[in-house]
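Visitor: Take this structure first; my questions come after.
In the numbering used here, the protein residues as written are 646 to 876.
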């Protein structure tokens, strides 16, 4: 049998890498489809593997674990959110109106894709050191890049508002991260559609809350945190 030529070895490695990337994309697409259809909590690893015609062991050759699969599925959602936010930025307008539109864009995306909220919250509940142990560096890099791409549009809008004297923010990156993190809690409130308040001293009651109310609240809160008067 003839020895493999120097040129053939890189070609075979490239082909193998291409097949691996294609398989990973298929798994992520199947995971996303199941999440959107059934919700994150009702989908199990074995079901994802079965959907793409493989098993749990093979699936874990592509991903280090469930957390990494969640993280990379979240990256897909973030890429779509970024595209929508880019459209808001491209539309222009003053910083105050643009910030409000970006927050509304985030809310509408979260309501349209509840699994986006679930994936993000599942990862945010884990301490940083645990995620570093359970998710590969390359996956964490992709996740961080996806989050940063969205946050940059918030912080850049805040920076522009500060430069124009419209906003008064000391650390625009911190505020952008705060808006991102707290926004998921409000989206969960919108999904439940209820809030708890006191009917009388010591007597709780449940009151309805709409998506529109949550959207307005997040917009008003973001503008207030940015130091912009609410009209």
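Just so it is clear, CB atoms sit at the ideal spot from N, CA and C, and this is done for glycine as well.
In this text, all values refer to a predicted model and were calculated from it rather than measured experimentally.
List the DSSP bridge partners of residue 843.
Guide: For residue 843, which the question treats as bridged, DSSP gives the partners 849.
Visitor: Roughly how many angstroms lie between the CA atoms of residue 759 and residue 821, to the nearest whole one?
Guide: Answer to the nearest angstrom: the Cα atoms are 21 Å apart.
Visitor: Can you tell me the Cα-Cα spacing of residue 869 and residue 681, whole angstroms?
Guide: Approximately 33 Å between the Cα atoms of the pair.
Visitor: If the criterion is Cβ atoms closer than 8 Å, does the pair residue 859 and residue 835 meet it?
Guide: Their beta carbons are under 8 Å apart, which means residue 859 touches residue 835 by this criterion.
Visitor: If you follow the alpha helix (DSSP H) that residue 837 is in, where does it begin and where does it stop?
Guide: Start and end: 817–837.
Visitor: Can you tell me whether residue 646 is helix, strand or coil according to DSSP?
Guide: Any answer about residue 646 is weak, because its pLDDT of 47 lies below 50 and its placement is not dependable; what the coordinates show is given next. Coil at residue 646, not helix or strand.
Visitor: Between which two residues does the alpha helix (DSSP H) carrying residue 765 extend?
Guide: Unbroken alpha helix (DSSP H) run through residue 765: 759–769.
Visitor: What do you reckon, are the CB atoms on residue 807 and residue 797 nearer than 8 Å?
Guide: For residue 807 and residue 797, no; Cβs fall outside 8 Å.
Visitor: Under the rule that 16 or more other beta-carbon atoms within 10 Å means buried, what is residue 786, buried or exposed?
Guide: It counts as exposed.
Visitor: From residue 872 to residue 823, what distance separates their C-alpha atoms?
Guide: Between residue 872 and residue 823, the C-alpha separation is close to 15 Å.
Visitor: Can you give the beta carbon distance from residue 854 to residue 840, rounded, assuming they're within the 8 Å contact cut?
Guide: Indeed they touch by this definition, with Cβ atoms about 5 Å apart.
Visitor: Assess, as a yes-or-no matter, whether the region 691–706 is touched by the region 734–748 under the definition of 3 or more beta carbon pairs within less than 8 Å.
Guide: No, the region 734–748 is not in contact with the region 691–706.
Visitor: Three-state secondary structure (DSSP) at residue 699?
Guide: Coil at residue 699, not helix or strand.
Visitor: Residues in its own chain within less than 7 Å of residue 668 by CB, not counting five upstream and five downstream?
Guide: If we look at residue 668 and ignore the five residues flanking it on each side, its Cβ neighbours are 707.
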